[in-house]
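Numbering (our numbering), first residue to last: 51 to 369.
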């Protein structure tokens with residue numbers, strides 16, 4: 051075994067001193083050490099949820115892995131999920147323990163994207179999620195301002211959420227739900243909240259799914275529903291400096307930047323604690339009027355598909 055190899059929890063870790071990717075000065079050891087340091091809180095976010103990861107290899111573009119490769123150790127828990135888009139069954143990992151997390155780290159899995167529902171009931175998401183995505187060239191501050199609109203829309207509906215940096219330039223608001231709403235009910239409530247947030251400041255926020263229709267505003271993305279995934283709290287992101295998606299108290303949100311939370315700065319912030327669990331409100335029942343309002347709002351992807359076809363037809367007719 052070379053100096054760049056070692057074993058932890060029975061997992062052989064290899065080439066630890068090699069660069070993680072061509073994008074950053076981090077090594078594979080940096081990734082492994084970080085994930086091992088935050089294993090308890092991040093596994094708390096991944097446990098029992100079908101997992102997609104983004105892996106990276108030097109000299110190759112990053113890629114998302116959903117289906118476990120054939121060489122996956124038999125001790126990695128997995129769950130079969132039917133994928134309607136590809137008409138096949140996909141074997142998703144369940145990252146429930148340190149050994150599995152270390153195995154993924156050794157595979158150069160940098161980003162961890164669990165489903166919003168657990169494997170026990172994939173049709174009932176445990177949280178609503180609103181993703182605040184600022185326009186190109188605009189920054190985190192705009193996303194924060196839009197997140198505060200979402201917080202107000204939640205309060206107006208008698209709900210509360212927790213907020214985290216996305217690890218990129220955006221912000222995620224999570225709302226834990228009670229009463230086991232269906233995926234359709236959760237998706238409807240999320241759409242209604244997005245529209246209500248947009249209404250509070252239409253000069254800042256938009257729910258326009260088609261990028262060219264956003265007019266330089268922050269996109270309040272309500273499409274993270276149903277079988278969607280969202281990057282987990284404490285997951286690194288494939289960005290310069292290796293930022294981490296990190297929980298923030300609402301009162302501190304205007305004071306932080308994504309660069310404050312990296313694989314180097316986060317471990318001491320979570321030593322013996324789990325800020326995401328601490329900041330998350332108790333699960334709440336979805337108001338019936340919120341769900342009913344959401345059902346009157348078109349599903350963004352379907353609406354965008356029809357609109358795209360309409361615009362293409364109009365271009366052909368005028369061309």
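Don't be surprised by glycine CBs; every beta carbon is placed ideally from N, CA and C. Keep in mind the model is a prediction, meaning the values are calculated, not measured.
Residue nearest to residue i in terms of C-alpha spacing, selected from the options
i	options	result
residue 301	194, 190, 136, 203	194
residue 143	149, 109, 330, 129	129
residue 225	55, 348, 120, 181	181
residue 146	139, 140, 154	154
residue 246	71, 278, 206, 117	206
residue 183	170, 115, 276, 270	270
residue 305	223, 191, 204	191
residue 278	173, 90, 331	173
residue 185	264, 215, 55	264
residue 221	303, 159, 113, 209	303
residue 117	104, 109, 111	104
residue 71	287, 348, 323	287
residue 92	316, 276, 196, 204	316
residue 330	176, 58, 134	176
residue 148	62, 244, 319, 313	62
Beta-carbon contacts of residue i that lie in its chain and below 6 angstroms, excluding the five residues immediately before and after
i	result
residue 229	335
residue 112	104, 106, 288
Local Cβ density within 10 Å of residue i, reported as buried at 16 or more and exposed below that
i	result
residue 284	buried
residue 327	exposed
residue 95	buried
residue 260	exposed
residue 236	buried
residue 136	exposed
residue 170	exposed
residue 67	exposed
residue 262	exposed
residue 60	exposed
residue 80	buried
residue 84	buried
residue 150	buried
residue 217	buried
Contact set for residue i: own chain, Cβ-Cβ below 7 angstroms, skip 5 residues either direction
i	result
residue 239	178, 336, 340, 341, 344
residue 161	103, 104, 281, 285, 286, 287, 288
**Item:** Stretch pair the stretch 307-317 + the stretch 125-133: three plus CB contacts closer than 8 angstroms
**Value:** Taking 8 angstroms as the limit for Cβ pairs, the verdict is that the stretch 125-133 does not touch the stretch 307-317.
**Inter-stretch contact at 8 angstroms, needing at least 3 Cβ pairs: the stretch 236-251 / the stretch 285-294** = With the cut-off at 8 angstroms, the stretch 236-251 and the stretch 285-294 do not touch.
**Prompt:** Considering only residues of the stretch 207-266, which uninterrupted alpha helix (DSSP H) runs meet the minimum length of 4 residues and lie entirely inside it, listed in chain order?
**Reply:** Whole alpha helix (DSSP H) segments, 4+ residues: 233-250.
**Request:** Kindly provide the ranges of any alpha helix (DSSP H) runs that are 4 or more residues long and lie completely inside the stretch 89-173, ordered along the chain.
**Result:** As far as the stretch 89-173 is concerned, its whole alpha helix (DSSP H) runs of at least 4 residues are 89-96, 148-156.
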